[in-house]
Amino acid sequence: MRTDEVKRMRILVAGGDGFCGWPTALHLSKRGHEVIIVDSLIRRKWDEELGTQSLTPIATLEERVAAWKELTGLEIPIRIGDLTNYEFVESVFREFEPDAIVHFGEQRSAPYSMIDREHAVFTQVNNVVGTLNILFAIKAVKLDCHLIKLGTMGEYGTPNIDVEEGYIRIRHKGREDVLPYPKQPFSFYHLSKVHDSHNIMFCCKAWGIRATDLNQGVVYGLWTPETRMDERLYNRIDYDGVFGTALNRFCIQAAVGHDLTVYGKGGQTRGFLDIRDTVQCIELAALHPAEPGEFRVFNQFTEQFSVLELAQRVQRVAAEMGLKVNIAHLPNPRVEKEQHYYNAVHTKLTDLGLKPHLLSDDLLRELIETAQRYRDRVDFKVIAPTATWR
Ligand code: NAD
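Dropping the structure here:
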């Protein structure tokens, strides 16, 4: 298939108002797919709860899709509702009958899930029940619908052997089998993703559902060709100690003259990818669906970095821009290894045609410049990590 001859699909984007979901919905719509967004808008309420906001000003979801229609003529219907409400989920499935559902609609912050008992319980109920409802709606309405589920590389933890893509061949007492790769998640949030993976794998076996679990690395960047078209299409970007992720957070800290907050030694190594590759990977997964009954796992990242390596790189680029930035090693609020072996396989999406955007100084410079433009929106009080694992 030529890339300009894309099969047109009906794709439901759950969590389509969020950091990954919004640019994905626009990308899929631009590529000719029929897209519908489902979101409860709860992410915007967590900003209120935490007293923070996206660095970039973001339009309401209604304004976003109206602007998209005005600029491109393309329509993205939206349905506001909670995935933990089964009647709502089933009604959207009956109305839209998707070929694929991309499921971003979860609470995705590890620190948020570690605030206290209520936040841990909320995260697991929100994520596990939402995913179960989607599985039951697929079974009730359209068994052929391909579930593309966002998981996380954090499901695997940091074992002292290579991390495989979902499965590992094991020889034990003279017998051999291919088994799910062991999971050693870091937080109640990451645990919720493991519970999801198990539920999905079971439903694939029991009901013949087709599913792809995308164990995504940490996403950095902000702009995609679509989100930069107009201010009303701008994506959110978080810098606070709860939702801000390494790299994006460092660039914003560098721009406003805050120390780069490395937790502990900074030897924590993870997989990372550009937001432009997130949207690309989702479309590749949709265009090449799993088989009925197949529970497929892809490791969705393009490069590995340690947290300290990233802080040093941001520090260097900032210095070239005339900004003097310090790296602060804060006491680590998390329970995790700060120096460890890490090597994770990530070939399956490349095999499907992923053309990665590798981390460049130009991208870091642009992120820092964006943050300088919106520096008045940064509140220093919300930058330090608050939730602790102990
Ligand atoms: P986000 O918080 O920006 O977006 C999530 C969206 O889902 C929000 O718009 C929120 O309102 C919605 N949502 C949450 N619970 C819902 C519910 N019960 N019903 C309806 N809508 C609901 O998060 P993100 O950064 O875009 O992440 C999207 C997905 O990708 C998550 O599942 C996350 O675990 C995964 N992921 C993200 C990253 C990253 O670096 N951002 C890394 C790995 C995996």
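Residue numbers are given in UniProt numbering: position 370 of the sequence shown equals residue 370, and the series is strictly consecutive.
By construction, the Cβ of each residue, glycine as well, lies at the ideal position given by its N, Cα and C atoms.
DSSP three-state assignment for residue i, whether helix, strand or coil
| i | result |
| --- | --- |
| Thr-3 | At Thr-3 the pLDDT is 49, less than 50, meaning the model places this residue with poor confidence; the figure from the coordinates comes in the next sentence. Of the three classes helix, strand and coil, the one that applies to Thr-3 here is coil, per DSSP. |
| Leu-12 | strand |
| His-357 | coil |
| Tyr-220 | strand |
| Arg-236 | coil |
| Arg-117 | helix |
| Arg-94 | helix |
| Ile-42 | helix |
| Ile-78 | strand |
| Val-163 | strand |
| Ser-192 | helix |
| Lys-265 | coil |
| Asn-248 | helix |
| Val-317 | helix |
| Gln-253 | helix |
| His-198 | helix |
| Val-335 | coil |
| Ala-137 | helix |
| Val-125 | helix |
| Tyr-86 | helix |
| Ser-287 | With the sequence shown as reference, residue 287 is identified as Leu, and Ser is not the correct amino acid for it. DSSP places Leu-287 in helix when its eight states are reduced to three. |
Beta-bridge pairing of residue i - partner residues as DSSP gives them
| i | result |
| --- | --- |
| Asp-213 | Lys-149 and Val-297 |
| Tyr-342 | None; Tyr-342 has no bridge partner. |
| Thr-350 | DSSP lists no partner for Thr-350. |
| Ile-327 | Leu-260 |
Cβ neighbours of residue i in the same chain (closer than 6 Å, five flanking residues each side left out)
| i | result |
| --- | --- |
| Leu-247 | Tyr-220 and Leu-310 |
| Arg-10 | Glu-34, Pro-98 and Asp-99 |
| Arg-313 | none |
| Glu-62 | none |
| Met-1 | Because Met-1 carries a pLDDT of 48, less than 50, the predicted location of this residue cannot be relied on, and the following value inherits that uncertainty. Result list for Met-1: empty, nothing under 6 Å. |
| Arg-79 | Val-38 and Val-92 |
| Thr-3 | With a pLDDT of only 49 at Thr-3, under 50, the local geometry of the prediction cannot be trusted, and the value read off the model is given with reservation. There are no such residues. |
| residue 391 | Only positions 1 to 390 of the chain appear in the structure, and residue 391 is not among them; the question remains open. |
| Asn-160 | Tyr-341 |
| Pro-385 | Gly-241 and Pro-333 |
| Arg-296 | Thr-212 and Ala-290 |
| Ser-29 | Val-35, Leu-74 and Ile-76 |
| Asp-238 | Gly-244 |
Limits of the unbroken beta strand (DSSP E) element including residue i
| i | result |
| --- | --- |
| Glu-176 | 175-180 |
| Thr-269 | 269-274 |
| Glu-34 | 34-39 |
| Ile-101 | 100-103 |
| Glu-303 | 303-306 |
Residue i CB to nearest heavy atom of the ligand NAD below 6 Å
| i | result |
| --- | --- |
| residue 391 | No information on residue 391 is available, as it lies outside the stretch 1 to 390 that the chain covers here. |
| Gly-15 | yes |
| Val-218 | yes |
| Asp-162 | no |
| Ile-42 | yes |
| Phe-19 | yes |
| Phe-93 | no |
| Asn-85 | no |
| Gly-105 | yes |
| Gly-241 | no |
| Gly-130 | yes |
| Leu-135 | no |
| Arg-108 | yes |
| Thr-152 | yes |
| Asp-47 | no |
| Asn-126 | yes |
| Leu-39 | The sequence as given places Asp at residue 39; Leu does not occur at that position. Result yes, Cβ under 6 Å from the ligand NAD. |
| Thr-245 | yes |
| Asp-230 | no |
| Asp-213 | no |
Residues near residue i by beta carbon distance below 7 Å, same chain, minus five either side
| i | result |
| --- | --- |
| Glu-155 | Lys-183, Pro-185, His-190, Lys-193, Val-194, Ser-197 and Asn-215 |
| Cys-145 | Pro-98, Asp-99, Ala-100, Ile-101 and Ile-138 |
| Asp-230 | Ala-67 and Leu-71 |
| Asn-332 | Tyr-263, Gly-264 and Glu-338 |
| Lys-354 | According to the sequence shown, residue 354 is Leu rather than Lys. These residues qualify, in order along the chain: Asp-277, Gln-280, Cys-281 and Leu-284. |
Chain-order list of residues whose beta-carbon lies under 8 Å from that of residue i (same chain, five-residue window excluded)
| i | result |
| --- | --- |
| Gln-339 | Lys-265 and Gly-267 |
| Leu-291 | At residue 291 the sequence reads Glu, which differs from the Leu that was named. Result list for Glu-291: Arg-210, in chain order. |
| Pro-41 | It should be pointed out that residue 41 corresponds to Leu in this sequence rather than to Pro. Contacts found: Asp-17, Leu-61 and Ile-80. |
Where the alpha helix (DSSP H) containing residue i begins and where it ends
| i | result |
| --- | --- |
| His-172 | Run containing His-172: none in the alpha helix (DSSP H); it sits in the beta strand (DSSP E), 167-172. |
| Pro-23 | 21-30 |
| Trp-389 | First-last for Trp-389: undefined, no H or E at that position. |
| Leu-61 | 61-72 |
Contact with chain C by residue i, beta-carbon distance below 7 Å
| i | result |
| --- | --- |
| Leu-147 | Absent from the structure is chain C; it holds one protein chain and no more. |
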